[in-house]
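S.K.: Chains as they are written, first to last, in full-length UniProt numbering: chain A, 1 to 229; chain B, 1 to 229; chain C, 1 to 229; chain D, 1 to 229.
By construction, the Cβ of each residue, glycine as well, lies at the ideal position given by its N, Cα and C atoms.
Number of protein chains: 4
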Amino acid sequence: MLEQLKKEVYEANMELPKRGLVTYTWGNVSGIDREQGLFVIKPSGVSYDDLKPEDMVVVDLKGNKVEGNFNPSSDTATHLELYLAFPEIGGVVHTHSPVATAWAQAGRSIPCYGTTHADYFKGDIPCTRSLTEEEVNNGYEKNTGLVIVETFSGLNPLYVPGVLCKNHGPFTWGKNAAEAVYNAVVLEEVAKMNLMTEQLNNKMSPAPKYIQDKHFLRKHGPNAYYGQS
Amino acid sequence: MLEQLKKEVYEANMELPKRGLVTYTWGNVSGIDREQGLFVIKPSGVSYDDLKPEDMVVVDLKGNKVEGNFNPSSDTATHLELYLAFPEIGGVVHTHSPVATAWAQAGRSIPCYGTTHADYFKGDIPCTRSLTEEEVNNGYEKNTGLVIVETFSGLNPLYVPGVLCKNHGPFTWGKNAAEAVYNAVVLEEVAKMNLMTEQLNNKMSPAPKYIQDKHFLRKHGPNAYYGQS
Amino acid sequence: MLEQLKKEVYEANMELPKRGLVTYTWGNVSGIDREQGLFVIKPSGVSYDDLKPEDMVVVDLKGNKVEGNFNPSSDTATHLELYLAFPEIGGVVHTHSPVATAWAQAGRSIPCYGTTHADYFKGDIPCTRSLTEEEVNNGYEKNTGLVIVETFSGLNPLYVPGVLCKNHGPFTWGKNAAEAVYNAVVLEEVAKMNLMTEQLNNKMSPAPKYIQDKHFLRKHGPNAYYGQS
Amino acid sequence: MLEQLKKEVYEANMELPKRGLVTYTWGNVSGIDREQGLFVIKPSGVSYDDLKPEDMVVVDLKGNKVEGNFNPSSDTATHLELYLAFPEIGGVVHTHSPVATAWAQAGRSIPCYGTTHADYFKGDIPCTRSLTEEEVNNGYEKNTGLVIVETFSGLNPLYVPGVLCKNHGPFTWGKNAAEAVYNAVVLEEVAKMNLMTEQLNNKMSPAPKYIQDKHFLRKHGPNAYYGQS
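(1) Given a threshold of 16 other Cβ atoms within 10 Å of its Cβ, counted over all protein chains shown, does A:Lys18 qualify as buried or as exposed?
(2) Got a sec: is the Cβ-Cβ distance from D:Lys65 to anything in chain B below 8 angstroms?
(3) What does DSSP give as the partner residue(s) for C:Lys65 in the beta ladder?
(4) Relative to the C-alpha of C:Leu2, which candidate in C:Leu61, C:Val22, C:Glu67, C:Lys52 has its C-alpha closest?
(5) Sorted by chain position, which residues of the same chain lie with C-beta nearer than 7 angstroms to A:Glu188's C-beta, five sequence neighbours on each side aside?
(6) Ignoring anything shorter than 3 residues or poking outside the region 76-162 of chain C, list the beta strand (DSSP E) runs there in chain order.
(7) Taking DSSP as the reference, what is the three-state secondary structure of C:Pro53?
(8) If we ignore side chains and look at the alpha-carbon of each, how far apart do C:Val149 and B:Tyr210 end up?
(9) Distance check for A:Ala104 and B:Met204, CA to CA, integer angstroms please.
(10) For C:Asn194, which of helix, strand or coil comes out of DSSP?
(11) For a quick check, are the C-beta atoms of A:Gly107 and A:Val160 less than 8 angstroms apart?
(12) Cβ closer than 7 angstroms: which chain D residues qualify as neighbours of B:Thr101?
(13) With H, G and I counted as helix, E and B as strand and the rest as coil, what does DSSP make of B:Asn183?
(14) On the DSSP bridge assignment, give the partners of D:Phe39 in chain order.
(15) Mind reading off the beta-carbon distance from B:Lys6 to B:Val40? Whole number of angstroms is fine, and I expect it under 8 angstroms.
(16) Near D:Val185, what residues of its chain come up, given a Cβ to Cβ distance below 6 angstroms and the 5 sequence neighbours on each side ignored?
(17) Consider the Cβ of D:Leu16: report whether some Cβ of chain B lies at a distance smaller than 8 angstroms.
(18) How would you list, in chain order, the residues of chain A whose beta-carbon sits under 8 angstroms from the beta-carbon of B:Ile32?
(19) Under the DSSP definition of a beta bridge, which residues are partnered with A:Gly27?
(20) Would you say C:Thr76 reaches chain F, if we count a Cβ-Cβ gap shorter than 8 angstroms as a contact?
(21) Is the region 110-120 of chain A close to the region 28-43 of chain C, with three or more CB pairs under 8 angstroms?
(22) Round the Cβ separation of C:Val93 and C:Thr172 to the nearest angstrom and send it over; I've been treating them as touching at under 8 angstroms.
(23) Quick one: grab the DSSP three-state call for B:Leu164.
(24) Applying the criterion that 16 or more other CB atoms from any shown protein chain within 10 Å of the CB defines a buried residue, is C:Leu84 buried or exposed?
(25) Taking 8 angstroms as the threshold (beta carbon to beta carbon), is B:Thr197 in contact with chain A?
(26) Is D:Pro208 helix, strand or coil when you go by DSSP?
(27) So which residues on chain C does A:Ala207 lean against when the C-beta distance must stay under 8 angstroms?
(28) Taking 8 angstroms as the CB-CB limit, is A:Gly20 close to chain C?
(29) Using three-state DSSP, classify B:Pro170 as helix, strand or coil.
(30) What does the alpha-carbon distance come out to for the pair A:Pro157 and A:Gly174?
(31) Measuring straight from C-alpha to C-alpha, what distance separates D:Lys142 and D:Ala77?
(32) Note the first and the last residue of the continuous alpha helix (DSSP H) segment covering A:Asn13.
(33) With 8 angstroms as the threshold, decide whether the Cβ of residue 241 of chain B is near any Cβ in chain D.
(34) Can you check which of these residues, B:Thr144, B:Cys127, B:Ile125, is closest to B:Glu134 by C-alpha distance?
(35) Using CA coordinates, which residue listed in A:Leu80, A:Asn137, A:Asn202, A:Asn13 is at the minimum distance from B:Gln212?
(36) Hey, C:Leu51 and C:Val181: beta-carbon distance below 8 angstroms or not?
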């Protein structure tokens, strides 16, 4: 069942430790088959060293496990809300990558200070509000997804393919699982650069809007001219 | 004698350089056999490159060497006090991992700023008081253990599986040697994230208590639902 | 066509990920054959894992592609302006190496705080002004080159073999592609050291001029005595 | 000639890139044969990838090259002054390791904030004064050695086996070349920990003297009890 998607999601998961984004099991990737209305996600708490493509768990869009020998990631309900609210996306990633997590813990959106950020994220990378006690105690993972969706009111999720969950850490997404991981790597690099930028200049303002737009549109949209296509 | 435990303690020791927590010989792991009242610990000052399972030293609960070709770790008396005071624990680790050591040198407990911390440590990771001159000059390593025990008055050592010894560095523990090492890795990651968090926001307060509790109890206690069990 | 130069430029490109200066495709190296008036540059958006010497693209000094299966780097017009303005140089590098990029985002020239810097860069490593909206919207990459040239008015580009483009990142250069990469590595190391230097002393001034000159001239010019020549 | 010493000095040199202390050729190690009054040092500017034991250069205590196909390190005159002034030492190391260099550039001695430092260095790791213009222009490398010796007036060089040269970087030493490299690694680790310690607590004072002494004397002197001897 969904063998090709399981393979892609497996490979995307394995990129996380390879790229230095996860310690132990602190991350998970999923990918969706929109036609069948099913997504595939890492099992909960399984070590990356032991992970195999066939261990991926298949879940439907009501959050029920459809196939798999393991329990799906404890963050499955968050992935589900993102798939429901953002029909453009095909893959979702969660990590505790250290610098992005520091911004999330600090409760700060990441301002766009330069072109590395602007090449992939249009404007700030937003930080959500805190969940309420009620939201934490009743449906925590689902509410984590809903507060991300609330944060993206008025934003295009493919133009801003990631978010910081306050006191928690980053989620990123993309057209598919591989692109979602790519954006998780970009986010960590940008988080690191921008932390150091503020250490070097304590009166930073964002890069001029016209530079941000130029770089984003070099890589995205009908007039993109970066790369080979 | 205690061949299986020696192997486990050896493997837990070897995780320390593999995970980047030790330079040269700056760390040691022990594990206990509660039934026999004996624990097994790294020999003092032996290079990790040369270490073998049979080099592990067996010590009784009066601190006497029972078996081994080498002297036990110079921190043996600290491990012993922890085993005596915390009957729930089965393994102890000491390192000088750089960021946790920086918090210890700064004399600061690590506040819980997010879920990475809350998944493994319930509340602050405490820093001990300074030892007095008398405590340092007479039974330094034993007193290091006793001041840790004093710091944990009213705390559950399995809910807060680690401590910072002021001006020195971290000790962690767990159900067994492997889990104690796992907690040493978590502590270093959390120390790093929380240092950067304060650099990004100089008015931090801890994460809301209900978020801390939610994450700790997702992974611990009767209602835990993370992982496969 | 230009097989030897393609090989050199390919090898210089491959040094970038090996030295930890690039994530994904965020960097490019070129090298020039001054006699033929042609330069060779990395293709745009091609992964370093897949790159081969024959993928290098040949470009003339009007910016036209002369040979190659791929589009040249999107930064080709910047490289071109540097070759036109600085006849002494034979290779150019662009990266988003994280610490140099942080200085660029902070809009700060890197002061010379010590001999590591002075061994390779005479005086500050300058940061350009921001490009205007007009300069960004009409010929962005060419104007990036022109603003670097403007910044170097009165400077010897072989004595200061690199620059920070504001809100963007570093360019470096040298006698050939390999030396340009060497200078990119030096720049990142110096950027890192000097960030930490300011964290340790918030009232820094540059190293005495006579120390800067001594070190630069130990390695450069007729009285150099470092190394074997 | 001095084959065994050349091998030891070669191996000590090769530890520098392996331990992450040098970029390119930014470091050198020497070792001395006190009976013959000769020391062996890395050749100047030779890549670590190409270095061989037989490339080591033999120098006498007047600074004359006695044997070798290459020029000795440009820092040879500094090593020589240290051997002349400190008869207890058998090996000398110079690096530009980034964090120790940042302290040197900041012009700050490293205070003893904890036991990692106290295990190997008794008290502050001192930073020299700046060299005068005269000292730089006439016999720079020799004067670098002399200003280190001046800084150590009243200090035991085996109790404080390293120094920061202002605006330049660290020198360390030890009983032999291998121990000098060991101390260079310790210095970089301590430099890193202590930078972070000040970031966590901007009102730091040194660790209590009795803790510093306890740790130093656990490892040094007649009552040492760390390790196997």
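M.R.: With the given structure in hand:
(1) Within the first sequence, residue 18 of chain A is the residue found at index 18, counting from 1. Around the beta-carbon of A:Lys18, fewer than 16 other beta-carbon atoms lie within 10 Å, marking it exposed.
(2) Locating residue 65 of chain D in the fourth sequence gives position 65, counting from the first residue. It does not; no Cβ of chain B falls within 8 angstroms.
(3) Here residue 65 of chain C refers to the residue found at position 65 when the third sequence is read from its first residue. According to DSSP, which records beta bridges pairwise, C:Lys65 is partnered with C:Val59.
(4) Within the third sequence, the letter at position 2 stands for residue 2 of chain C. For the residues C:Leu61, C:Val22, C:Glu67, C:Lys52, the minimum Cα distance to C:Leu2 belongs to C:Glu67.
(5) Against the first sequence, residue 188 of chain A aligns to sequence position 188. Answer for A:Glu188: Leu21, Ser97, Val99, Ala100, listed in chain order.
(6) Runs found: 91-95.
(7) One-based indexing of the third sequence puts residue 53 of chain C at position 53. In this structure, C:Pro53 counts as helix in the three-state DSSP scheme.
(8) For the purposes of this step, residue 149 of chain C is taken as the residue at position 149 of the third sequence. For the purposes of this step, residue 210 of chain B is taken as the residue at position 210 of the second sequence. Straight-line measurement puts the Cα of B:Tyr210 at about 57 angstroms from the Cα of C:Val149.
(9) Walking along the second sequence from the start, residue 204 of chain B turns up at place 204. Walking along the first sequence from the start, residue 104 of chain A turns up at place 104. Cα-Cα distance, rounded: 12 angstroms.
(10) To locate residue 194 of chain C, count along the third sequence from 1; it is residue 194. Note: C:Asn194 maps to helix in three-state DSSP.
(11) Position 107 of the first sequence, counted from the first residue, corresponds to residue 107 of chain A. Position 160 of the first sequence, counted from the first residue, corresponds to residue 160 of chain A. Their beta carbons are not under 8 angstroms apart, which means A:Gly107 does not touch A:Val160 by this criterion.
(12) Along the second sequence, read from residue 1 onward, the residue named residue 101 of chain B stands at position 101. Within chain D, the residues near B:Thr101 are Gly114, Thr116, Met193.
(13) Counting from 1 along the second sequence, the entry for residue 183 of chain B is found at position 183. B:Asn183: helix per DSSP, three-state reduction.
(14) For the purposes of this step, residue 39 of chain D is taken as the residue at position 39 of the fourth sequence. In DSSP, D:Phe39 forms a bridge with D:Ile32, D:Val59.
(15) One-based indexing of the second sequence puts residue 6 of chain B at position 6. One-based indexing of the second sequence puts residue 40 of chain B at position 40. Right, the Cβ-Cβ distance comes to about 5 angstroms (below 8 angstroms), so this counts as a contact.
(16) Here residue 185 of chain D is taken as the residue at index 185 of the fourth sequence, counted from 1. Closer than 6 angstroms at Cβ, skipping near neighbours: Arg19.
(17) Taking the fourth sequence and counting its residues from 1, the one referred to as residue 16 of chain D is at position 16. Interface flag for D:Leu16 against chain B is unset, since no Cβ pair is found closer than 8 angstroms.
(18) Taking the first residue of the second sequence as 1, we reach residue 32 of chain B at position 32. In chain order: nothing, as chain A lies at least about 24 angstroms away.
(19) The residue labelled residue 27 of chain A in the question sits at position 27 within the first sequence. According to DSSP, A:Gly27 bridges with A:Thr95.
(20) Absent here is chain F; the protein component of the structure consists of chains A, B, C and D.
(21) no
(22) Counting from 1 along the third sequence, the entry for residue 93 of chain C is found at position 93. Counting from 1 along the third sequence, the entry for residue 172 of chain C is found at position 172. In this structure C:Val93 touches C:Thr172 by the C-beta definition: roughly 5 angstroms separates them, less than 8 angstroms.
(23) Translated into the one-based positions of the second sequence, residue 164 of chain B becomes position 164. Reduced to three states, the DSSP call for B:Leu164 is strand.
(24) The sequence position of residue 84 of chain C within the third sequence is 84, counting from 1. Classification for C:Leu84: exposed.
(25) Within the second sequence, residue 197 of chain B is the residue found at index 197, counting from 1. Judged by the 8 angstroms Cβ criterion, B:Thr197 is in contact with chain A.
(26) Counted from its first residue, the fourth sequence places residue 208 of chain D at position 208. Coil at D:Pro208, not helix or strand.
(27) The residue labelled residue 207 of chain A in the question sits at position 207 within the first sequence. Going along chain C in sequence order, the residues near A:Ala207 (Cβ under 8 angstroms) are Gln105, Asn167.
(28) What you label residue 20 of chain A is simply residue 20 of the first sequence in a count that begins at 1. No - not a single Cβ of chain C is within 8 angstroms of the one on A:Gly20.
(29) Position 170 of the second sequence holds residue 170 of chain B. Of the three classes helix, strand and coil, the one that applies to B:Pro170 here is strand, per DSSP.
(30) On the first sequence, position 157 is the one that residue 157 of chain A refers to. On the first sequence, position 174 is the one that residue 174 of chain A refers to. Using only the alpha carbons, I get a separation of about 8 angstroms.
(31) Within the fourth sequence, residue 142 of chain D is the residue found at index 142, counting from 1. Within the fourth sequence, residue 77 of chain D is the residue found at index 77, counting from 1. Each residue's Cα considered, the two are about 5 angstroms apart.
(32) Your numbering for residue 13 of chain A matches position 13 in the first sequence. Per DSSP, A:Asn13 belongs to the alpha helix (DSSP H) from 3-18.
(33) No statement about residue 241 of chain B is possible, as the shown extent of chain B runs from 1 to 229 and does not include it.
(34) For the purposes of this step, residue 134 of chain B is identified with residue 134 of the second sequence, where counting begins at 1. B:Glu134 has its Cα closest to that of B:Thr144, out of B:Thr144, B:Cys127, B:Ile125.
(35) For the purposes of this step, residue 212 of chain B is taken as residue 212 along the second sequence, with counting starting at 1. Relative to B:Gln212, the option among A:Leu80, A:Asn137, A:Asn202, A:Asn13 whose CA is nearest is A:Asn137.
(36) Working through the third sequence from its first residue, we reach residue 51 of chain C at position 51. Working through the third sequence from its first residue, we reach residue 181 of chain C at position 181. Their beta carbons are not under 8 angstroms apart, which means C:Leu51 does not touch C:Val181 by this criterion.
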